Each structure stands twice: as structure tokens, then as C-alpha cells.
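Below is one structure, written out as C-alpha cells, with a few remarks after it.
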Amino acid sequence: MKSKIYILIGPPGAGKGTQAKNIASNKDFVLISTGDLLRDNVGRKTELGVIAKSYMDKGELVPTELVTKMIKANIKQNIGKNGFLFDGFPRDLSQNSLLDEMLKEFDLEVDRIIYIDVKNETIYERLTNRRICPKCKDVYHMKYNPPKKDELCDNCGEQLITRDDDKLDVIKKRLDVYHNSTQPLVDYFEKMGKITKINGEKAPKEVEAEIISNI
Ligand SMILES: [Zn+2]
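So the mapping is simple: the numbering used here equals the position in the sequence shown, first residue as 1, plus 1271.
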């Protein structure tokens, strides 16, 4: 049986990483998360991992070509499995062409992309209200999971902080980059009738359940 290929796309703050893990385990899919793949190759000191680390040590982005090779090795290893769920790749049309080429070598193709649709305003609200304890790393949300007292950590009493990544101007920039690169990808798959849009406005757990029931 041919392996199914699914791609999960969603904005930062949609809980996509956790959802991807849970969906893959629920559906018995091989999860291909580029972040995990990189960490794993670097950790095991594979040939590709050693090269990737040389870029990371210099604070540079790991070239797409290298990431693609890691993905290919992973597919080769797991070929024949039920399916593959991609998280974090492809991010744009050019990465999608690379993926297409690679899949052809295995006589596979993308079956469907799952697009978690969330309004920018929702992302702002979720992320700008996030607070973290600089001491014990506890995470809070001023609306949904507030600390008991002011903005102090329940565990250690430390003053909570907002991570730089969660500041409004940083989030706006990340969302701009996200929308600019993924919109053409979404349009492309929409034309091919291969897109499943999921309402991402609900709680992350509900979104996850909806995805699982849709694939
Ligand atoms: Zn703390």
C-alpha cells in the first residue's frame, strides 16, 4: 500500500507542534518535523548532522538542500508505513517543488494539506498574554491560565516576564513572513482540491480532534 503524505500548516501560536505529535501517534503516521529531524541528526552525529551543526554553530540557517536530504533518508527508512505527516516543511512553493521531486523518486505524492486557519488577532491575544518565569520556566497565560498573585510565579514567586518572541512587533513580523510564504502554497493546493481547512480559533485540543476526524 502506498504511504499517504500529509502536510500540516499553521501559524505560530496555533499549538501545531504538539498537535502534529499527537495526530501522528493517533494515526500511526511517521512524523517529519524539520526541527526534530535536525536535532536528531546533530545528536546522532550523522554525516548530514555534522554538516548541519557547522552552520548552526556559526548562527546560520541550515541550507534547505541539507534538510531535504535528511527528509529523504527518513522517508527511505520508513517507506511502506501507513503515512507521513510533515510539520515545518514545506514552508513555501520552492520547498514544495523540492518535496515533490523527492516524493516522485518514491512514487509518492502529497495527498492533502491540513491548513489551520487562525485570525491574526487571535494569535496576538494568545501570544502577547503569555508570561514565563525566568527562574523555573513555568508558563502562564494572563487570561486562560493566570498566576494566583499579580504577575508572580506560583512556584517560586519570581516576577514573570514576556519572552522577546511574544512581543507584539516580533509576532507581527513572524506572521507577515508566515502569511507571505504560505499563502501561495495554500492557493496552490486549493486549486488542486487537496486542502482541508480547519478552524483554528478553538482551543488547541479541539482543533487537534477536528484534524484527526478529518484525515
Ligand atoms: Zn518560577
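We treat Cβ as the ideally placed atom computed from N, Cα and C, and that holds for glycine.
Nothing here was measured: the structure is a model prediction, and the numbers come from that model.
Asked, Found
"Distance CB(residue 1287)-CB(residue 1358) smaller than 8 Å", "yes"
"3 or more residues per run - each beta strand (DSSP E) lying fully within the region 1329 to 1364", "1354 to 1358"
"Closest Cα partner of residue 1477 within the set 1273, 1285, 1279", "1285"
"Pocket of ligand 1 (residues with CB nearer than 6 Å to any heavy atom), chain order", "1404, 1406, 1407, 1409, 1424, 1426, 1427, 1429"
"Limits of the unbroken alpha helix (DSSP H) element including residue 1304", "Here residue 1304 belongs to no alpha helix (DSSP H); instead the beta strand (DSSP E) covers 1301 to 1304."
"Residue 1448, DSSP secondary structure in three states", "helix"
"Reduced DSSP category for residue 1277 - H, G, I as helix; E, B as strand; rest coil", "strand"
"Rounded separation between residue 1314 and residue 1303 - CA only", "16 Å"
"Cβ neighbours of residue 1292 in the same chain (closer than 7 Å, five flanking residues each side left out)", "1302"
"Option nearest residue 1458 by Cα separation, candidates 1474, 1363, 1416", "1363"
"Endpoints, the beta strand (DSSP E) within which residue 1468 is located", "1466 to 1470"
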